[in-house]
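Numbering (the numbering used here), first residue to last: -8 to 141.
C-beta: ideal position from N, C-alpha, C; glycine also.
These figures come from a predicted structure and were not determined experimentally.
(1) Evaluate contact between the region 58 to 66 and the region 16 to 31, counting only Cβ atoms and requiring at least three cross-stretch pairs below 8 Å.
(2) Threshold first: 4 residues or longer. Then list the alpha helix (DSSP H) segments lying entirely within the region 77 to 114, N to C.
(3) With three or more C-beta pairs closer than 8 Å as the rule, is the region 101 to 111 touching the region 75 to 87?
(4) Out of curiosity, what's the CA-to-CA distance linking residue 68 and residue 140?
(5) Please report the Cβ distance between residue 53 and residue 10, rounded to the nearest whole angstrom; I am assuming they are in contact, meaning their Cβ atoms lie under 8 Å.
(6) In chain order, which continuous runs of the alpha helix (DSSP H) of length 4 or greater are located wholly inside the region 8 to 89?
(7) To the nearest angstrom, how far is it from the Cα of residue 117 to the Cα of residue 127?
(8) Could you pull the start and end residues of the alpha helix (DSSP H) that residue 4 belongs to?
(9) Have a look at residue 4 and residue 12 and give me their C-alpha separation to the nearest angstrom.
(10) Which residue from 1, 89 and 56 puts its Cα closest to that of residue 76?
(11) Counting C-beta neighbours from all protein chains within 10 Å, is the total for residue -7 16 or more, i.e. buried, or is it exposed?
(12) Assuming the contact rule is C-beta atoms closer than 8 Å, residue 50 and residue 89 should be a hit. Round their C-beta distance to whole Å, please.
Shown next, in the form of structure tokens:
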């Protein structure tokens, strides 16, 4: 399977259906950055007429996790991945289409090289920034990923 945004969206449908039905979609991915989006709709609302925080977290996590999956596939090795920790900061109501971008692809390559060389698990933090259609930041999410050679 080629690693494309379209194939990531098929993966979402079959393996993460909650994210798919809430409207989370991958828009682009390469070795260094991944972009995801989610649009505010009835199905992902909170009682305050904005997007539920967990829906934002799903889109943000996908932007980081897809980069981890991309680099694992590139390595050609069997490597497990797991979110070890996360934190989020919400600065504005999320309405309309929210775009999450993670530009931390370079961090994964090093962690994968270290886990292959040492056989020990490696952890690293990745950041995803969510912005609305006006370009205003609505949230910032950090995920601590753990990778380990199988």
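So, from the listed chains and residues:
(1) When C-beta atoms of the region 58 to 66 are compared with those of the region 16 to 31, three or more pairs fall below 8 Å, so the two segments count as touching.
(2) 96 to 109
(3) no
(4) If you number the chain shown from 1, residue 68 lands on position 77. If you number the chain shown from 1, residue 140 lands on position 149. The straight-line gap from Cα to Cα measures roughly 8 Å.
(5) Mapped onto the chain shown, residue 53 falls at position 62. Mapped onto the chain shown, residue 10 falls at position 19. Yes, residue 53 and residue 10 are in contact; Cβ-Cβ is about 7 Å, under 8 Å.
(6) 8 to 13 and 44 to 66
(7) In the chain shown, residue 117 corresponds to position 126, counting from 1. In the chain shown, residue 127 corresponds to position 136, counting from 1. Cα to Cα, residue 117 sits roughly 20 Å from residue 127.
(8) By 1-based counting over the chain shown, the position of residue 4 is 13. Segment -4 to 6, the alpha helix (DSSP H) holding residue 4.
(9) Taking the chain shown and counting its residues from 1, one reaches residue 4 at position 13. Taking the chain shown and counting its residues from 1, one reaches residue 12 at position 21. Cα to Cα, residue 4 sits roughly 8 Å from residue 12.
(10) Within the chain shown, residue 76 is the residue found at index 85, counting from 1. With distances taken between Cα atoms, residue 76 lies closest to 56.
(11) One-based indexing of the chain shown puts residue -7 at position 2. Residue -7 is exposed by the Cβ-count criterion.
(12) As a first step, residue 50 must be located in the chain shown, where it is residue number 59. As a first step, residue 89 must be located in the chain shown, where it is residue number 98. Residue 50 to residue 89, Cβ: 7 Å. Contact.
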